[in-house]
Structure formats: structure tokens, C-alpha cells
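Colleague: Dumping the structure here so I can ask a few things about it.
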Amino acid sequence: MHKDNQFTVIGIIIWLICAVFFLYEFLLRTVIGTFQSPIMYDFNIDSFKYSILSTSAYLGIYGLMQIPVGLIIDSIGLKKSILLGCGICAISAIGFSLTYTYYTAVPLRMLMGLGSSFGFVCLIVAVYDWFPRKYTALFIGLSQFIGTMGPMLAAGPLNSMAENATTSWREVFFHLGIWGLIFLLPIFLIVRNNNLKTSNYIVIRKREKANILLSNIFFNKTPWIIAIYSACVYFAIEYLSENEAKNYITLKGFSSSFASYMITVSWIGYAIGCPLLGFLSDYFKRRKTLMVVASFFLVIALTAIYLSTSETCIVIAFFLLGIGASGQSIGFAFIAEHFKKRYLAIAISLNNAMIMALSSVNAPLIGLALDHFKQDLDIQLSDYSIVFGILIAVAIISLLISMLGIKENFCKSKVEMTFLSTEKN
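Whatever position you read off the sequence shown (first residue = 1), add 2 for the numbering used here.
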């Protein structure tokens with residue numbers, strides 16, 4: 003059997019290490035939302051400044067670094083890239099836990115975003131380096147399933163600990179930094195690139211200049227369409243988990259604990275949806291159809307969260323929110339089927355950059371609108387109409403793109419050879 007069609011023990015271990023780093027950076031990204039009130043109190047900031055700290059400072063640099071990260075991975079390899087990213091995350095998390103001023107916290111949060119920007123791209127490169135091509139979407143989904151454990155921990159268990167005064171946000175970030183430093187050891191000892199081998203030969207490809215690599219990506223409309231879709235379908239879960247979901251559900255009359263666990267429920271939906279939609283799209287050889295279904299679920303979920311006062315309906319709606327957001331995982335598989343391996347890291351980086359750019363720009367704008375249009379000193383339930391109006395509009399855009407802007411490829415690579423079986427049934 004050809005090497006590309008085989009699993010290896012070392013490949014699975016390397017993939018798991020990359021997946022754990024993705025979980026780690028995902029936790030750094032979302033755990034701040036669990037401590038929104040104490041952080042706002044400690045730094046004496048409003049919703050707008052908090053959204054800058056929680057989302058824009060992190061996702062802004064995260065998004066801007068995606069293309070450079072793709073070039074860095076292509077240049078120095080998987081091992082050095084993930085070592086660099088994890089080291090930056092660990093040091094910045096420790097620094098963030100020790101700061102007492104907002105204007106010091108913001109650049110440290112940006113450093114977290116810088117280190118975290120290596121996480122998902124390194125993980126996808128590991129999937130394509132070490133696993134059979136026919137399981138691509140499934141393993142991208144499984145990778146995101148593992149990463150989703152981060153926000154699940156942030157929203158549920160850590161929130162309960164915070165409410166019971168057993169831990170503070172400073173302790174959480176300090177310990178996360180220490181764990182990051184420890185995690186550097188298995189990365190250093192185990193992670194490596196998989197050389198492209200065929201039988202007894204090693205394939206050596208000529209390295210292309212960065213401007214040629216970028217032009218082959220940027221002047222192709224397919225990655226842009228998929229990137230915009232991915233950004234729109236993912237934005238709601240990212241925004242709500244890091245910003246206003248807990249406060250909004252609490253204003254509806256539910257407990258703070260219930261509100262926090264709704265964030266966990268949404269990430270459970272996301273964790274289940276990523277591998278499930280990936281498996282279904284691989285099995286039925288349909289990418290577009292599953293992307294349409296995901297967007298439809300997203301629109302229904304956001305509408306239900308906004309309108310419903312039933313506890314059961316809200317639980318179901320948050321679960322569907324996660325299922326809908328998981329449609330973006332299919333986008334990564336779709337993009338990979340349109341580019342050769344030498345362009346893969348950069349193409350994936352573009353998709354990830356668009357996702358983070360939309361979140362980093364829209365989050366503070368929504369926070370600013372919320373502060374501007376609120377009818378009282380404190381935010382009321384009715385003030386959230388502007389928030390959900392924007393979220394639902396973005397979800398509808400993703401639905402229209404998936405229906406009208408994406409052409410089904412039936413899971414066939416546009417650039418690699420297609421092998422047909424000669425066996426007779």
C-alpha cells in the first residue's frame with residue numbers, strides 16, 4: 003500500500019501533540035470570557051475596552067499573522083514553528099497574570115494571539131503530512147473536537163470554580179503559562195515533519211519564492227469565497243463565548259451557572275459537529291450540501307436564542323449554534339482539495355485569517371454599538387436586539403454564500419491525480 007494511504011504510530015502521536023497545543027491556545031483564547039466581570043472590575047473598563055482586550059487584541063494579531071505563519075511553517079518546518087508558538091503563549095500568559103494595568107494587559111494579550119496563531123495551521127499541516135487523504139475532513143473535524151475541549155473547560159468547570167471563589171483569573175492564566183512551558187518538552191522530543199516519500203525515493207521539490215506562493219493563492223477566487231463563508235458561519239459562537247452570551251442569558255432570568263454552561267453546550271455542539279459533518283461530507287462525497295445545512299442550523303439557532311425564554315429551547319439552540327459553526331471545518335477540507343501541498347499552509351492560513359479578522363473587527367463594533375444604544379447606565383435585555391440583528395445577518399450571509407457562491411466538488415482534488423480502482427466486483 004502507498005505510504006499516503008497508511009496510518010503510522012508516530013504520525014498519530016505527532017497529530018495528538020499538535021491537537022493538544024490547539025486545545026491549549028483555544029483555552030487561552032476563550033477562558034477570558036469566563037472572567038469578564040472581574041477583569042472589567044480589576045482594570046476599570048467598559049464593554050468596548052473589554053472587547054478590545056478579550057477579542058480584538060488577540061484575534062487581530064492572530065488573523066494578521068496567519069499568512070506569515072504559513073510562510074514560516076513552509077520555511078522552518080512543523081517542529082520549530084510549534085515550539086515558537088507554544089513558547090510565546092506560555093510566557094505571555096504568565097505576564098498577563100501578573101499585570102495590573104489595562105495598557106500592559108493589551109499587548110500581552112496580543113502576544114498570546116501571536117503564539118496561538120501557529121496552533122491550527124500546524125495542526126492541519128500535521129493532518130496532511132501524516133494521514134491518508136481520504137480521511138482529511140474527518141481528521142480535521144476530530145482535531146477541532148479536541149481543540150474544543152478548551153472552551154468547554156473555560157465555560158463550565160472554570161466558571162464554577164470562579165463563582166465559588168476557589169480560583170481567580172490571575173491564577174488560571176499563571177498556571178496555563180506554566181503548563182505551556184512544560185509542554186515544550188514533548189514538542190521538542192517528538193514532533194517532526196514527514197518527508198514526502200514514494201517507495202525508496204525521497205521527493206525533493208524546488209522552493210518557490212514567497213511572492214509566487216502568495217500570488218497563486220490571492221489571485222484564485224475559490225479560497226476567498228470559502229474564507230468569507232467560514233468567517234461568517236463561525237463568528238457567532240466566537241463572539242458569544244468571549245463576550246455577551248453569559249450576560250444575555252442571565253438577563254433573561256436564568257442563573258449565572260446555567261448561562262456559563264450554555265457556552266459549554268455550544269462548544270459541545272461544535273465538537274460533535276466538526277467530526278460528524280466531516281465524516282458525512284467524506285462519506286457522501288458532498289461538501290457544499292453540508293455547508294448549506296450548517297448555515298441553516300446557525301440561522302435557526304441564533305433566532306431561537308434571541309426569541310426564546312424556554313430553558314429547553316435555549317439548550318437546544320446553543321447546541322445547534324455549535325453544529326452550525328462547525329460548518330467552517332468543511333471549508334478547510336474544501337480549500338485543501340483546490341491546492342497542491344506546497345500551497346496548503348498558506349491557503350489554510352488565509353481561511354483562518356479571514357475567520358479571525360471578522361471576529362476582531364466586528365466584536366468591538368458590536369460592543370461600541372451596545373454601549374451607544376443602551377437605554378440605561380446598565381445594559382438591559384432589550385439592548386441586545388442590535389447584537390442579535392448583526393449576528394443573524396452575518397449568518398444569513400453565510401447561507402447565501404453556501405447556496406449561491408460555492409460549487410460542489412464531490413470531494414475530488416482539483417490538482418492531484420485521481421486513482422481509479424481496476425478491480426471488478
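Note that beta-carbon positions come from the ideal geometry of N, C-alpha and C, so glycine has one too.
A quick note: this is a predicted structure, and the numbers were derived from the prediction, not measured.
Could you check where the alpha helix (DSSP H) with E240 kicks off and where it finishes?
Modeller: Element bounds for E240: 223-244.
Colleague: Thinking G152 and L253 are a contact (beta carbons under 8 angstroms), I'd like their distance in whole angstroms, please.
Modeller: Incorrect: roughly 26 angstroms between the Cβ atoms, too far for contact.
Colleague: Taking one C-beta from the stretch 356-364 and one from the stretch 61-69 each time, how about it: are there three or more such pairs within less than 8 angstroms?
Modeller: Because the criterion of three Cβ pairs below 8 angstroms is met, the stretch 356-364 and the stretch 61-69 touch.
Colleague: Tell me, to the nearest whole angstrom, how far the beta carbon of S400 is from that of C234; I am working on the premise that it is less than 8 angstroms.
Modeller: S400 to C234, Cβ: 4 angstroms. Contact.
Colleague: Check whether the Cβ atoms of N368 and I392 lie closer than 9 angstroms to each other.
Modeller: For the sequence presented, residue 368 should be read as Ile rather than Asn. A contact, by the Cβ cut-off of 9 angstroms.
Colleague: Could you check if C2 is buried or exposed, using at least 16 other CB atoms within 10 Å of its CB as the buried criterion?
Modeller: Any answer about residue 2 is impossible in this case: the structure gives the chain only from 3 up to 427.
Colleague: Please classify I350 as buried or exposed, where buried requires at least 16 other C-beta atoms within 10 Å of its C-beta.
Modeller: Burial call: buried.
Colleague: Label Q38 either buried or exposed according to how many other C-beta atoms from any shown protein chain fall within 10 Å of its C-beta, with 16 as the threshold for buried.
Modeller: The residue in question, Q38, is buried, as its Cβ has 16 or more Cβ neighbours within 10 Å.
Colleague: How big is the Cα-Cα spacing for L279 and Y236?
Modeller: Each residue's alpha carbon lies about 14 angstroms from the other.
Colleague: Is E339 helix, strand or coil when you go by DSSP?
Modeller: Residue state, collapsed to three classes: coil.
Colleague: Quick check on the DSSP output: what are the complete alpha helix (DSSP H) runs of length 4 or more inside the stretch 339-409, in order along the chain?
Modeller: The stretch 339-409 contains these whole alpha helix (DSSP H) runs: 343-375, 387-402.
Colleague: Would you mind giving the Cβ-Cβ distance between G275 and S232, rounded to the nearest angstrom? I have them listed as a contact below 8 angstroms.
Modeller: The pair is not a contact, with the Cβ atoms about 14 angstroms apart (cut-off 8 angstroms).
Colleague: So A107 packs on F98, CB below 8 angstroms; how close in whole Å?
Modeller: Right, their Cβ atoms sit about 6 angstroms apart.
Colleague: Taking the continuous alpha helix (DSSP H) assigned at L30, which residues delimit it?
Modeller: It spans 11-32 - the alpha helix (DSSP H) in which L30 sits, taken as one unbroken run.
Colleague: Can you give me the Cβ contacts of Y272 inside the same chain, cut-off strictly under 6 angstroms, excluding the 5 residues immediately before and after it?
Modeller: Once the five neighbours on either side are set aside, the close Cβ partners of Y272 are T150, G324, A327, S328.
Colleague: Output yes or no for whether 9 angstroms exceeds the beta carbon distance between A139 and R289.
Modeller: A contact, by the Cβ cut-off of 9 angstroms.
Colleague: I need the straight-line Cα distance from G117 to F23, nearest angstrom please.
Modeller: So the alpha carbons of these two residues sit roughly 11 angstroms apart.
Colleague: Figure out for me which residue from Y263, F281, I227 has the closest Cα to the Cα of E313.
Modeller: That would be Y263, whose Cα lies nearest to the Cα of E313.
Colleague: Measure the alpha-carbon distance for M405 versus N411 and round it to whole angstroms.
Modeller: Whole-angstrom Cα-Cα distance: 14 angstroms.
Colleague: Have a look at E246, T36, S145, H374 and flag the residue whose alpha-carbon is nearest the alpha-carbon of C20.
Modeller: Comparing Cα positions, the closest option is S145.
Colleague: Between I265, I126, Q377, which lies nearest to L352 when the distance is taken from Cα to Cα?
Modeller: For the residues I265, I126, Q377, the minimum Cα distance to L352 belongs to I126.
Colleague: Please list, in chain order, all residues of the same chain as F1 whose beta carbon is under 7 angstroms from its beta carbon, the five residues on each side excluded.
Modeller: Since the displayed the chain opens at 3 and closes at 427, residue 1 lies outside it and no answer follows.
Colleague: Note down, in chain order, each residue of its chain lying with its Cβ closer than 7 angstroms to the Cβ of A347, except the 5 sequence neighbours on either side.
Modeller: Once the five neighbours on either side are set aside, the close Cβ partners of A347 are G72, I75, D76, V123, V127.
Colleague: Go to N249, then tell me how far its alpha helix (DSSP H) extends in each direction, as first and last residue.
Modeller: It spans 247-253 - the alpha helix (DSSP H) in which N249 sits, taken as one unbroken run.
Colleague: Apart from the five residues on each side of it in sequence, which residues of its chain come closer than 7 angstroms, Cβ to Cβ, to S331?
Modeller: Around S331: I142, G143, Q146, C276, L279, G280.
Colleague: Output yes or no for whether 9 angstroms exceeds the beta carbon distance between V363 and F321.
Modeller: The answer is no: Cβ separation not under 9 angstroms.
Colleague: For F390, does the count of other Cβ atoms within 10 angstroms reach 16, so buried, or fall short, so exposed?
Modeller: F390 comes out buried.
Colleague: Would you call Y52 buried or exposed, if buried means 16 or more other Cβ atoms sit within 10 Å of its Cβ?
Modeller: So Y52 ends up on the buried side.
Colleague: Given that a residue counts as buried once 16 or more other Cβ atoms are within 10 Å of its Cβ, and exposed if not, what is W17?
Modeller: It counts as buried.
Colleague: Given S387, which residues of its chain have a CB within under 7 angstroms of its CB, disregarding the five upstream and five downstream residues?
Modeller: Hits under 7 angstroms: none found.
Colleague: To which residues of the same chain is I14 closer than 8 angstroms at the C-beta, ignoring the five residues directly before and after it?
Modeller: Cβ neighbours of I14 beyond the five flanking positions: W132.
Colleague: Are the beta-carbon atoms of I337 and I228 separated by less than 9 angstroms?
Modeller: Yes, the pair counts as a contact, with Cβ atoms nearer than the cut-off.
Colleague: In whole angstroms, give me the CA-to-CA distance for T32 and K287.
Modeller: Cα to Cα, the separation comes out at about 33 angstroms.
Colleague: So, F175 versus L55, is the Cβ gap smaller than 9 angstroms?
Modeller: Not in contact: F175 and L55 (Cβ atoms no closer than 9 angstroms).
Colleague: Looking at C-alpha atoms only, which residue of G333, E244, I265 is the closest neighbour of T291?
Modeller: Considering only alpha carbons, the answer is G333.
Colleague: Does the beta-carbon distance from A92 to F185 come in below 9 angstroms?
Modeller: Going by C-beta atoms, A92 is nearer than 9 angstroms to F185.
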